[in-house]
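Novice:
Numbering (this note's numbering), first residue to last: 6 to 134.
1) Along the alpha helix (DSSP H) that carries residue 47, what are the first and last residues, could you check?
2) When the Cα of residue 35 is compared with those of 29, 51, 24, 42, which residue comes out closest?
3) Enumerate in chain order the residues of its own chain whose CB-to-CB distance from residue 6 is below 8 Å, with the five nearest sequence positions on each side excluded.
4) Using a 10 Å radius around the Cβ and a threshold of 16 neighbouring Cβ atoms, would you call residue 65 buried or exposed?
5) Should residue 89 and residue 60 be called a contact, given that it needs their Cβ atoms to be closer than 8 Å?
6) Can you tell me the Cα-Cα spacing of residue 55 and residue 10, whole angstroms?
7) Tell me whether the beta-carbon of residue 104 lies closer than 8 Å to the beta-carbon of residue 82.
8) Would you report the Cα separation of residue 121 and residue 98, rounded to the nearest angstrom?
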């Protein structure tokens, strides 16, 4: 009989695996956490962290789904999720959606560390030449 893992332990183990570069284990642990403890703060944060990790691994479509889910739920990492969403849309070549995502980020967080990046990218999208 296995002992159920609490959300804090799963979250810590997933983060440790991610930092070690073991993304397969980290993803499995984040998903287990989200399934076992869907209402926990750790599960909510796991959605954004999983999205970031998937994006870094070149899985933009899967990352985009995570960022959208995180933003649907809300949380402390909303600015980071909005950045991830915009970058994933850029990678996927979805220009109109990307423009909307950068605009939304800039409107929601005009003073964030990501605001200048949003402004620069919107300028490029307006005048690519």
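The beta carbon of each residue, even a glycine, is placed where N, CA and C say it ideally should be. Owing to the predicted nature of the structure, the values given are computational and were not obtained by experimental measurement.
Specialist: From the atom records:
1) 46 to 61
2) 51
3) Here the model assigns residue 6 a pLDDT of 45, short of 50, so the residue's position is not dependable, and the following value carries that caveat. No residues qualify anywhere along the chain.
4) buried
5) yes
6) 19 Å
7) no
8) 21 Å
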